[in-house]
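Shown next, in structure tokens, is the structure this report addresses.
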Amino acid sequence: MIIVMHPDAGEAEVAAVEAKIRSHGLDVHISRGTERTLIGAIGDERKLDPEMFDPLPGVERSLHILKPYKLVAREWHKASTTIEVGGTRIGGSDVQVIAGPCSVETVPQMEAAAAGVAAGGARLMRGGAFKPRTSPYAFQGKGVEGLTMLKNAASRHGLPIVTELMDVRMLDTFLAHDVDVIQIGTRNMQNFDLLKEVGRVNVPVILKRGMSATIGEWLMAAEYIAAGGNHQIMLCERGIRTFETAYRNVLDVTAVAVLKKETHLPVIVDPSHAGGKAWMVPALSCAAVAAGADALLIEVHPCPAEAWCDADQALSIPEFANLMQRLGALATAMGRSLASPLTGATNEPALAV
Ligand code: PEP
Ligand code: MN
Numbered sequence: 254m255i256i257v258m259h260p261d262a263g264e265a266e267v268a269a270v271e272a273k274i275r276s277h278g279l280d281v282h283i284s285r286g287t288e289r290t291l292i293g294a295i296g297d298e299r300k301l302d303p304e305m306f307d308p309l310p311g312v313e314r315s316l317h318i319l320k321p322y323k324l325v326a327r328e329w330h331k332a333s334t335t336i337e338v339g340g341t342r343i344g345g346s347d348v349q350v351i352a353g354p355c356s357v358e359t360v361p362q363m364e365a366a367a368a369g370v371a372a373g374g375a376r377l378m379r380g381g382a383f384k385p386r387t388s389p390y391a392f393q394g395k396g397v398e399g400l401t402m403l404k405n406a407a408s409r410h411g412l413p414i415v416t417e418l419m420d421v422r423m424l425d426t427f428l429a430h431d432v433d434v435i436q437i438g439t440r441n442m443q444n445f446d447l448l449k450e451v452g453r454v455n456v457p458v459i460l461k462r463g464m465s466a467t468i469g470e471w472l473m474a475a476e477y478i479a480a481g482g483n484h485q486i487m488l489c490e491r492g493i494r495t496f497e498t499a500y501r502n503v504l505d506v507t508a509v510a511v512l513k514k515e516t517h518l519p520v521i522v523d524p525s526h527a528g529g530k531a532w533m534v535p536a537l538s539c540a541a542v543a544a545g546a547d548a549l550l551i552e553v554h555p556c557p558a559e560a561w562c563d564a565d566q567a568l569s570i571p572e573f574a575n576l577m578q579r580l581g582a583l584a585t586a587m588g589r590s591l592a593s594p595l596t597g598a599t600n601e602p603a604l605a606v
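The opening position of the sequence shown corresponds to residue 254 in my numbering, with each subsequent residue numbered one higher.
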């Protein structure tokens with residue numbers, strides 16, 4: 254950290270800053286220029302914060318030199334991290350697709366969705382059992398019963414599951430239901446207690462971007478999880494709030510490029526919650542793969558018009574299959590490949606369940 258002193262700061266003020274730095278166990282390097290004195294703190298500057306120095310007499314401003322995140326930063330870990338979930342690798346040369354309905358509704362709905370997404374080439378299945386809804390009167394999810402329905406349907410098609418954890422008190426239940434990937438939703442990106450708890454378990458986490466979070470805040474949220482010991486973190490861009498009202502959120506494709514530079518963690522894009530309309534999903538998916546996303550998280554429903562949640566943005570199963578064809582060609586053009594459907598995945602009618 255560097256502390257820039259006012260031109261008229263005196264020796265006593267410089268000494269007070271020096272003492273404060275030393276009291277935190279760091280060394281000090283003072284550089285006296287013709288205009289100003291600069292005080293450098295030498296050592297682990299993450300122990301220091303501009304708030305500690307800015308109010309001191311004689312201080313003009315203070316600034317960090319290093320990024321505030323470390324475990325998730327590419328600066329400290331050059332190689333890209335890949336995360337294996339049930340034999341599928343996310344962050345490697347293959348582009349992976351995670352698909353399924355917004356929410357778990359019924360056993361036949363889940364069976365049809367699982368069969369459809371597996372046949373289309375998804376390698377993981379999504380589905381919310383606990384739903385963060387704007388209205389307390391809207392469908393809140395099937396709860397624990399939904400976890401069982403998701404796990405059963407996905408397992409029949411060899412797919413690991415991704416589902417959202419909203420309440421830290423449900424973490425043990427998630428583990429007991431063999432949730433393969435815990436999703437932290439946009440509304441909980443800065444629920445630090447939740448982040449600390451998922452940091453303690455050995456289960457991969459998809460951390461969605463807060464709808465108004467900067468990339469720095471998002472990476473600090475990921476750092477919370479990593480700091481607890483869980484390094485299996487994937488970041489998911491799902492669109493941010495802007496002044497635009499023509500669509501649900503603005504897909505921040507730029508974030509994909511920035512994240513690839515800033516962090517070694519895999520980057521996922523959710524085109525469904527970004528556009529909020531099914532017809533936008535193919536274009537946004539293509540943009541994400543072209544920008545370098547490692548995976549897509551796509552809402553697919555066997556009968557979108559009847560979905561209990563996010564009906565407008567769900568792809569039907571044939572629409573999903575079409576999109577997967579296009580993405581295959583695009584991934585190849587980008588020097589990657591789209592993972593092929595698991596062997597045994599067919600578009601057979603749903604099993605009797
Ligand atoms: C979801 O994935 O169903 C969801 C609620 O997403 P987000 O947290 O991005 O709104
Ligand atoms: Mn949704």
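From the three backbone atoms N, C-alpha and C, an ideal C-beta is built for every residue, glycine too.
As assigned by DSSP and simplified to three states, the class of residue i
{"i": "residue 461", "result": "strand"}
{"i": "residue 443", "result": "coil"}
{"i": "residue 528", "result": "helix"}
{"i": "residue 301", "result": "coil"}
{"i": "residue 485", "result": "coil"}
{"i": "residue 499", "result": "coil"}
{"i": "residue 291", "result": "strand"}
{"i": "residue 422", "result": "helix"}
{"i": "residue 591", "result": "strand"}
{"i": "residue 466", "result": "coil"}
{"i": "residue 254", "result": "coil"}
{"i": "residue 476", "result": "helix"}
{"i": "residue 553", "result": "strand"}
{"i": "residue 416", "result": "strand"}
{"i": "residue 559", "result": "helix"}
{"i": "residue 542", "result": "helix"}
{"i": "residue 391", "result": "coil"}
{"i": "residue 603", "result": "Because residue 603 sits at a pLDDT of 47, beneath the cut-off of 50, its placement in the model cannot be relied upon, and the point is left open."}
{"i": "residue 260", "result": "coil"}
{"i": "residue 449", "result": "helix"}
{"i": "residue 309", "result": "coil"}
Straight-line gap, residue i to residue j (C-alpha atoms, nearest Å)
{"i": "residue 526", "j": "residue 361", "result": "24 Å"}
{"i": "residue 376", "j": "residue 353", "result": "11 Å"}
{"i": "residue 260", "j": "residue 468", "result": "34 Å"}
{"i": "residue 543", "j": "residue 281", "result": "46 Å"}
{"i": "residue 528", "j": "residue 492", "result": "8 Å"}
{"i": "residue 602", "j": "residue 373", "result": "In this prediction, residue 602 has a pLDDT of 47, which is less than 50 and means its spatial position is unreliable; what the coordinates show is noted afterwards. Approximately 14 Å between the Cα atoms of the pair."}
{"i": "residue 318", "j": "residue 541", "result": "31 Å"}
{"i": "residue 410", "j": "residue 303", "result": "53 Å"}
{"i": "residue 365", "j": "residue 328", "result": "44 Å"}
{"i": "residue 384", "j": "residue 358", "result": "11 Å"}
{"i": "residue 587", "j": "residue 573", "result": "20 Å"}
{"i": "residue 605", "j": "residue 499", "result": "Interpretation of residue 605 is limited by its pLDDT of 42, a score under 50 that renders its predicted location unreliable; the figure taken from the coordinates is listed afterwards. So the two alpha carbons sit approximately 42 Å from each other."}
{"i": "residue 613", "j": "residue 336", "result": "For the chain, the structure presents residues 254 to 606; residue 613 sits outside this window and is missing."}
{"i": "residue 488", "j": "residue 581", "result": "22 Å"}
{"i": "residue 305", "j": "residue 553", "result": "50 Å"}
{"i": "residue 465", "j": "residue 494", "result": "6 Å"}
{"i": "residue 555", "j": "residue 564", "result": "11 Å"}
{"i": "residue 295", "j": "residue 391", "result": "54 Å"}
{"i": "residue 485", "j": "residue 349", "result": "16 Å"}
{"i": "residue 608", "j": "residue 279", "result": "Lying outside 254 to 606, the shown extent of the chain, residue 608 is not represented and no answer is given."}
Extent of the continuous alpha helix (DSSP H) run through residue i
{"i": "residue 578", "result": "570 to 586"}
{"i": "residue 369", "result": "360 to 373"}
{"i": "residue 267", "result": "264 to 276"}
{"i": "residue 507", "result": "506 to 515"}
Any non-hydrogen atom of the ligand SAH closer than 7 Å to residue i Cβ
{"i": "residue 461", "result": "Annotation note on the ligand SAH: not contained in the displayed structure, which lists the ligand PEP and the ligand MN as its ligands."}
Extent of the continuous beta strand (DSSP E) run through residue i
{"i": "residue 285", "result": "280 to 285"}
{"i": "residue 491", "result": "That residue, residue 491, is in no beta strand (DSSP E); it is neither H nor E in DSSP."}
{"i": "residue 403", "result": "Not the beta strand (DSSP E): residue 403 falls in the alpha helix (DSSP H), residues 397 to 409."}
{"i": "residue 566", "result": "That residue, residue 566, is in no beta strand (DSSP E); it is neither H nor E in DSSP."}
{"i": "residue 314", "result": "312 to 316"}
Cβ-Cβ separation, residue j to residue i (assumed contact under 8 Å), whole Å
{"i": "residue 416", "j": "residue 397", "result": "Contact doesn't hold; Cβ gap of about 11 Å is too wide."}
{"i": "residue 512", "j": "residue 520", "result": "5 Å"}
{"i": "residue 474", "j": "residue 443", "result": "6 Å"}
{"i": "residue 567", "j": "residue 531", "result": "6 Å"}
{"i": "residue 351", "j": "residue 548", "result": "6 Å"}
{"i": "residue 356", "j": "residue 381", "result": "5 Å"}
{"i": "residue 546", "j": "residue 509", "result": "5 Å"}
{"i": "residue 256", "j": "residue 312", "result": "6 Å"}
{"i": "residue 371", "j": "residue 524", "result": "Residue 371 to residue 524, Cβ: 20 Å. No contact."}
Which residues DSSP lists as bridging residue i, in chain order
{"i": "residue 349", "result": "548"}
{"i": "residue 377", "result": "351"}
{"i": "residue 341", "result": "338"}
{"i": "residue 356", "result": "381"}
{"i": "residue 435", "result": "416, 458"}
{"i": "residue 521", "result": "489, 548"}
{"i": "residue 429", "result": "Paired residues: none, contrary to the question."}
{"i": "residue 326", "result": "516"}
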